[in-house]
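Worksheet: the structure to be examined is printed underneath.
Protein chains: 2
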Amino acid sequence: MSVTTKDIARICGISRGTVDRALNNKGRINTDTKEKILRVAQELGYKPDLLARSLSTGHTMTIGVIVFDIRNRYFAQLVNAMEMEARQNGFFLNISLQEKDPETEIELIDSLVGRRVDGIIMCPVNKGDKFDANITSQPIPIITVGNKISDGIPYVGIDESKAAYSAVEHIIAKGYQEIVFVCPPLHDREIENIYVHEERYNGYKEALKKYPAIKSYVIRRWDYLLKVEELYSNAKNRIAFFCSGDTYALEIIKLFRKKGIRIPEDAGLMGFDNIDTLEYVIPELATISVPLREIGEASVKLLINKINGDSAVNNLILPYHLIDGKSL
Amino acid sequence: MSVTTKDIARICGISRGTVDRALNNKGRINTDTKEKILRVAQELGYKPDLLARSLSTGHTMTIGVIVFDIRNRYFAQLVNAMEMEARQNGFFLNISLQEKDPETEIELIDSLVGRRVDGIIMCPVNKGDKFDANITSQPIPIITVGNKISDGIPYVGIDESKAAYSAVEHIIAKGYQEIVFVCPPLHDREIENIYVHEERYNGYKEALKKYPAIKSYVIRRWDYLLKVEELYSNAKNRIAFFCSGDTYALEIIKLFRKKGIRIPEDAGLMGFDNIDTLEYVIPELATISVPLREIGEASVKLLINKINGDSAVNNLILPYHLIDGKSL
DNA sequence: TTGAAAGCGCTAACAG
DNA sequence: CTGTTAGCGCTTTCAA
Chain R
1 MSVTTKDIAR ICGISRGTVD RALNNKGRIN TDTKEKILRV AQELGYKPDL
51 LARSLSTGHT MTIGVIVFDI RNRYFAQLVN AMEMEARQNG FFLNISLQEK
101 DPETEIELID SLVGRRVDGI IMCPVNKGDK FDANITSQPI PIITVGNKIS
151 DGIPYVGIDE SKAAYSAVEH IIAKGYQEIV FVCPPLHDRE IENIYVHEER
201 YNGYKEALKK YPAIKSYVIR RWDYLLKVEE LYSNAKNRIA FFCSGDTYAL
251 EIIKLFRKKG IRIPEDAGLM GFDNIDTLEY VIPELATISV PLREIGEASV
301 KLLINKINGD SAVNNLILPY HLIDGKSL
Chain H
1001 MSVTTKDIAR ICGISRGTVD RALNNKGRIN TDTKEKILRV AQELGYKPDL
1051 LARSLSTGHT MTIGVIVFDI RNRYFAQLVN AMEMEARQNG FFLNISLQEK
1101 DPETEIELID SLVGRRVDGI IMCPVNKGDK FDANITSQPI PIITVGNKIS
1151 DGIPYVGIDE SKAAYSAVEH IIAKGYQEIV FVCPPLHDRE IENIYVHEER
1201 YNGYKEALKK YPAIKSYVIR RWDYLLKVEE LYSNAKNRIA FFCSGDTYAL
1251 EIIKLFRKKG IRIPEDAGLM GFDNIDTLEY VIPELATISV PLREIGEASV
1301 KLLINKINGD SAVNNLILPY HLIDGKSL
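So this is what it looks like as structure tokens:
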């Protein structure tokens, strides 16, 4: 097929070992032979077989990534940042999507490990002790992003709960007397890892404890729009909907637009994530800005450190910030 | 490190060859020994080293993908579809981003080939004979999507020029007397592969030939918003802006919103691509729907066929359709 | 400074 | 039905 070090060795009338030394500037080597080897390699259009090299050296310079899907803005931004950071460090990305299917996720991990990626960054959909043990027993470092598995497994993200807490305070400061927490993923809490959303929910609950006068309701269904409409109709006071993800808020904007409900005059709205779609949407959505680029970069850096065996750091909590917008 | 077929062989007191046959149901093998081998493999938690297998078999079951970036909705949707289709066929995706940098692109191709991917799908930023030769000389099949390199290299897409042609007719049918073609990429036509945009431009020009009474202007600058505003102010008749990508249209929507220019009352607007962001944007944008999912799937299928050596097909032109929207 | 040989883990061809 | 052997292309000792 293509040209190998063996060919070069044969043509130059020397051994493969020497060719290798020339090609990778290693060890002492005669300048003339080195030049000759490089010239021949050049002429023949030699390209190293990275697969064979990996088999021999034991590392592939590849990072495996497993996320839900990348049509999702959240992951598209995250993975884009990861790819750039990885490439700058000489690593490749092996991206695979589990589409929230637990079994696919397990298969993908095995598959990536089988391909000898040097480490994995994932947003897990599985959870629980058995899965925890699976991850821990893998021969390569694995770190999580978005959803957390357990304290033992490295995680990069923001303080979701605190962010949600501050969001609620912000809403209340705007004078709303009823707050609805829109969090469809809670519906799947038994079967899926929905760490982020649970944390956001915790922050929400925590904040409301401080304000017993505020009326509160939590939506945990995927047909949340029906409930949103109903709650809006029955509201006796100023009501705000706090969504545990911008995408839900976007759907509510569409709904309200259709129904002629004005934001924020008739109802307040707040999202979470600050996905880039918001840039083009009216009204400007109040939201929590999750630093996706920074999370992507930091997770790659952390993983590379772990791969090199020189990082004791486990959790990286980055700063978020609240965006006021015009929807409250 | 981890357990290999050699370990299994040793423990079962048989040869590696037999272990291999058991593990991959190949050739005739005694049922008892097979069971024993499988049991031991199971107990030891044997996972095949796919790298070694690839080195031996000569294929990696991996498809390399090179696109601009995946924050871009166009590519996010495209790549997402590719990943799903590939996985269903037992292939992995190796995604890398060139960020429109020609040199990075060349490096990425070499790198993917070096990693022995079985084939590549790319949206090229390079063009010209030299690049064409580079691609053709690679030892694996490469197909293009989005931008085309030459007729010799397989391409999957829509008839961009015809689509633009019909868009212009549609705009004219709505009674507009001035049309502005907003196509910033034309600015880079000398240095970059902007095939799609050139084709759209060709369709635009072709259509206008039929309507000599229509006043036309083409914007080829990245600070297009300035020019858009100027042309709008100077317009004597009903004017429409036809963008060669939805993202430009989205920016114009933002601009007009700020300036209080109403769409479509004061100016018409049409996009191209039908990216999913549009779903949440007001007004509903008239656009051309490019079947990204289908293109992604078809390109993967075509590539796999090429990898298996059984496809003579080169170009695949899929149907687009025009979306009327409320912006004209 | 260079050569020879062994090894990474798996597959495949050929004997037995 | 099973064992042996060679080989994929590169790296890495250890001698020379």
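Each protein sequence line maps, in turn, to chains R and H. Per this note's numbering, residue 1 is the first one in the first sequence, and the count goes up by one each step. Per this note's numbering, residue 1001 is the first one in the second sequence, and the count goes up by one each step. Positions of the beta carbon are idealized from the N, C-alpha and C atoms, including for glycine.
Please classify residue i: does DSSP put it in a helix, a strand, or coil?
i: residue 1256/H; result: helix
i: residue 25/R; result: coil
i: residue 1050/H; result: helix
i: residue 1276/H; result: helix
i: residue 1281/H; result: coil
i: residue 286/R; result: strand
i: residue 1197/H; result: helix
i: residue 3/R; result: coil
i: residue 121/R; result: strand
i: residue 1224/H; result: helix
i: residue 157/R; result: strand
Kindly list, in the order they appear in chain H, the residues whose Cβ is closer than 8 Å to that of residue i.
i: residue 253/R; result: 1280
i: residue 122/R; result: What residue 122/R touches in chain H: nothing, since even the nearest Cβ is about 15 Å away.
i: residue 226/R; result: Here the premise fails: no neighbours, minimum Cβ distance about 19 Å.
i: residue 92/R; result: 1094, 1096, 1111 and 1115
Is the CB-CB distance between residue i and residue j below 7 Å?
i: residue 52/R; j: residue 297/R; result: no
i: residue 1161/H; j: residue 1199/H; result: yes
i: residue 1167/H; j: residue 1261/H; result: no
i: residue 9/R; j: residue 16/R; result: yes
i: residue 1220/H; j: residue 1197/H; result: no
i: residue 19/R; j: residue 5/R; result: yes
i: residue 1063/H; j: residue 1091/H; result: yes
i: residue 224/R; j: residue 182/R; result: yes
i: residue 164/R; j: residue 320/R; result: no
i: residue 1313/H; j: residue 1158/H; result: no
i: residue 1193/H; j: residue 1145/H; result: no
i: residue 119/R; j: residue 140/R; result: yes
i: residue 1217/H; j: residue 1231/H; result: yes
i: residue 1284/H; j: residue 1325/H; result: yes
i: residue 256/R; j: residue 180/R; result: no
At the level of alpha carbons, what is the spacing between residue i and residue j?
i: residue 78/R; j: residue 277/R; result: 14 Å
i: residue 66/R; j: residue 1235/H; result: 51 Å
i: residue 49/R; j: residue 1185/H; result: 37 Å
i: residue 1330/H; j: residue 211/R; result: Summary: the structure shown does not reach residue 1330/H, with chain H confined to residues 1001 through 1328, and so no result is reported for it.
i: residue 295/R; j: residue 58/R; result: 28 Å
i: residue 1044/H; j: residue 1003/H; result: 7 Å
i: residue 1252/H; j: residue 271/R; result: 25 Å
i: residue 1306/H; j: residue 1153/H; result: 12 Å
i: residue 1076/H; j: residue 191/R; result: 28 Å
i: residue 69/R; j: residue 1070/H; result: 12 Å
i: residue 1086/H; j: residue 1213/H; result: 49 Å
i: residue 98/R; j: residue 127/R; result: 14 Å
i: residue 142/R; j: residue 135/R; result: 7 Å
i: residue 311/R; j: residue 301/R; result: 10 Å
i: residue 947/H; j: residue 111/R; result: Since the first residue shown for chain H is 1001 and the last is 1328, residue 947/H is missing from the structure and cannot be characterised.
What in chain R is Cβ-close to residue i, meaning under 8 Å?
i: residue 1047/H; result: 110, 113 and 114
i: residue 1097/H; result: 80, 83, 84 and 87
i: residue 1068/H; result: Going along chain R, no residue has its Cβ under 8 Å from residue 1068/H, so there is no contact; the nearest lies around 10 Å.
Taking the continuous alpha helix (DSSP H) assigned at residue i, which residues delimit it?
i: residue 1080/H; result: 1073 to 1088
i: residue 1170/H; result: 1160 to 1173
i: residue 1142/H; result: Where residue 1142/H is concerned, there is no enclosing alpha helix (DSSP H), although the beta strand (DSSP E) it sits in stretches over 1142 to 1145.
i: residue 300/R; result: 292 to 307
For residue i, return the contacting residues in chain H, with the cut-off set at a CB-CB distance below 7 Å.
i: residue 277/R; result: 1277 and 1280
i: residue 54/R; result: 1051
i: residue 327/R; result: Under the 7 Å cutoff, chain H gives no residues; its nearest Cβ is about 13 Å from residue 327/R.
Identify the continuous beta strand (DSSP E) that holds residue i and give its terminal residues.
i: residue 215/R; result: 215 to 219
i: residue 1240/H; result: 1239 to 1243
i: residue 93/R; result: 92 to 97
i: residue 181/R; result: 178 to 182
i: residue 1315/H; result: 1315 to 1318
i: residue 187/R; result: Counting along the chain, residue 187/R falls outside any beta strand (DSSP E), and DSSP gives it neither H nor E.
i: residue 1323/H; result: 1321 to 1323
i: residue 1269/H; result: 1268 to 1270
i: residue 1066/H; result: 1062 to 1067
Residue i touches chain R at which residues, Cβ-Cβ below 7 Å?
i: residue 1077/H; result: 71
i: residue 1303/H; result: Neighbours of residue 1303/H on chain R: none; closest Cβ ~17 Å, over 7 Å.
Kindly list, in the order they appear in chain R, the residues whose Cβ is closer than 9 Å to that of residue i.
i: residue 1241/H; result: The premise fails here: residue 1241/H is roughly 16 Å from chain R at the closest Cβ pair, so nothing lies under 9 Å.
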